[in-house]
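>
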Amino acid sequence: FLQCGPVGSVYVPHDKITGAHYGYGFVEFDKASDADYAQRIMNMVRLFGAPMRVNKSAIDKRATDIGANLFVGNLDDMVDEKLLFDTFSAFGTVVSNPRVQSANSSDNSTPRSFGFVSFDSFEAADLAIKCMNGQYLCNRQIVVQYAFKKGTQGERHGSEAERLLAAEMRAKQKERHLQQAAVTQPSLHYAPAPSHQARPPPNAFVPPGMPPGMPPPVPMQQHGRP
Numbered sequence: 012f013l014q015c016g017p018v019g020s021v022y023v024p025h026d027k028i029t030g031a032h033y034g035y036g037f038v039e040f041d042k043a044s045d046a047d048y049a050q051r052i053m054n055m056v057r058l059f060g061a062p063m064r065v066n067k068s069a070i071d072k073r074a075t076d077i078g079a080n081l082f083v084g085n086l087d088d089m090v091d092e093k094l095l096f097d098t099f100s101a102f103g104t105v106v107s108n109p110r111v112q113s114a115n116s117s118d119n120s121t122p123r124s125f126g127f128v129s130f131d132s133f134e135a136a137d138l139a140i141k142c143m144n145g146q147y148l149c150n151r152q153i154v155v156q157y158a159f160k161k162g163t164q165g166e167r168h169g170s171e172a173e174r175l176l177a178a179e180m181r182a183k184q185k186e187r188h189l190q191q192a193a194v195t196q197p198s199l200h201y202a203p204a205p206s207h208q209a210r211p212p213p214n215a216f217v218p219p220g221m222p223p224g225m226p227p228p229v230p231m232q233q234h235g236r237p
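Using this note's numbering, the letters of the sequence shown correspond one by one to residues 12 to 237.
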């Protein structure tokens with residue numbers, strides 16, 4: 012993670028008895044912009060053969076969950092979370108790891124797989140719906156649309172209210188990043204400008220032995236002659 016920016020601390024919880032880690036850890040960056048960059052670059056990158064899931068901690072999840080959540084239906088059994096991430100990350104930043112689930116169909120014959128993908132902007136989600144809805148993924152035509160909101164009856168994400176709140180949140184985040192950049196920017200100290208010394212005019216005669224930069228002596232005037 013040092014490739015993404017200066018790291019303040021790293022914490023990997025371990026079992027007190029066996030000493031084995033729990034399979035997850037925490038990385039704290041000095042700047043929030045570096046954390047956002049690490050989430051976009053390092054998510055689903057393989058480490059020791061296993062793809063990493065890089066998300067913001069629970070404290071910052073509210074800042075990234077704006078409601079641009081998509082439902083991807085009629086998935087083939089070969090589609091996994093990594094394939095969903097690689098497919099939909101072409102339309103924008105995927106803020107959380109895609110989820111793939113299975114449920115029995117209405118006739119209880121064969122289970123149907125579906126998934127969820129969350130973006131950091133509604134523009135990316137709209138583009139993904141426009142380009143992927145009705146397309147074939149692993150030889151099966153998929154359905155891409157906004158997911159239903161939890162705790163509601165038939166209300167989907169992507170409403171005008173969510174879009175307005177997302178725009179306000181984005182403006183606040185941009186202002187906060189600018190303030191952090193202003194605090195961390197080093198102050199510049201300027202040395203006073205050197206005083207201008209009188210220099211002889213071009214092609215002026217400078218007597219030998221005179222230091223450079225000094226004006227030539229004023230010629231003496233004789234009585235009756237200039």
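For every residue, glycine included, the Cβ atom is placed at its ideal position computed from N, Cα and C.
With distances taken from CA atoms, which of Ala-114, Arg-110 and Lys-185 is nearest Gly-126?
Of the listed residues, the one whose Cα sits closest to Gly-126 is Arg-110.
> What ranges does the beta strand (DSSP E) occupy inside the segment 146 to 191, keeping only unbroken runs of at least 3 residues that lie completely in it?
List check, beta strand (DSSP E) in window: 154 to 157.
> Indicate whether Gly-162 and Val-154 have their beta-carbon atoms separated by less than 9 Å.
Not a contact, by the Cβ cut-off of 9 Å.
> State the beta-bridge partners of Arg-110 as determined by DSSP.
Phe-127.
> Starting from the C-beta of Gly-36, find all residues in its chain whose C-beta is less than 8 Å away, skip the five residues before and the five after it, and write them out in chain order.
Hits under 8 Å: Val-21, Tyr-22, Val-23 and Pro-24.
> Quick one: give me the first and last residue of the alpha helix (DSSP H) that Tyr-22 is part of.
Element bounds for Tyr-22: not the alpha helix (DSSP H) but the beta strand (DSSP E), 18 to 22.
> Beta strand (DSSP E) containing Leu-138: first to last residue?
From DSSP, Leu-138 is part of no beta strand (DSSP E) but of the alpha helix (DSSP H) over 133 to 143.
> Since Leu-94 is in the alpha helix (DSSP H), which residue starts that stretch and which ends it?
92 to 99 is the extent of the alpha helix (DSSP H) around Leu-94.
> Residues in the same chain with beta-carbon distance under 8 Å from Gly-165, minus the five sequence neighbours each way, listed in chain order, please.
Counting only Cβ-Cβ distances below 8 Å, and skipping sequence neighbours, we find Phe-159.
> Taking the alpha helix (DSSP H) that Ile-52 belongs to, which residues open and close that run?
43 to 53 is the span of the alpha helix (DSSP H), which, as asked, contains Ile-52.
> Quick one: what does DSSP say Phe-12 is sitting in, helix, strand or coil?
Of the three classes helix, strand and coil, the one that applies to Phe-12 here is coil, per DSSP.
> From Asp-88 to Ser-124, what distance separates their C-alpha atoms?
Looking at the two C-alpha atoms, the distance is approximately 7 Å.
> Does the structure place the segment 131 to 140 close enough to the segment 182 to 190 that three or more beta carbon pairs sit under 8 Å?
As far as the Cβ criterion goes, the segment 182 to 190 does not touch the segment 131 to 140, which means the pair count is below three.
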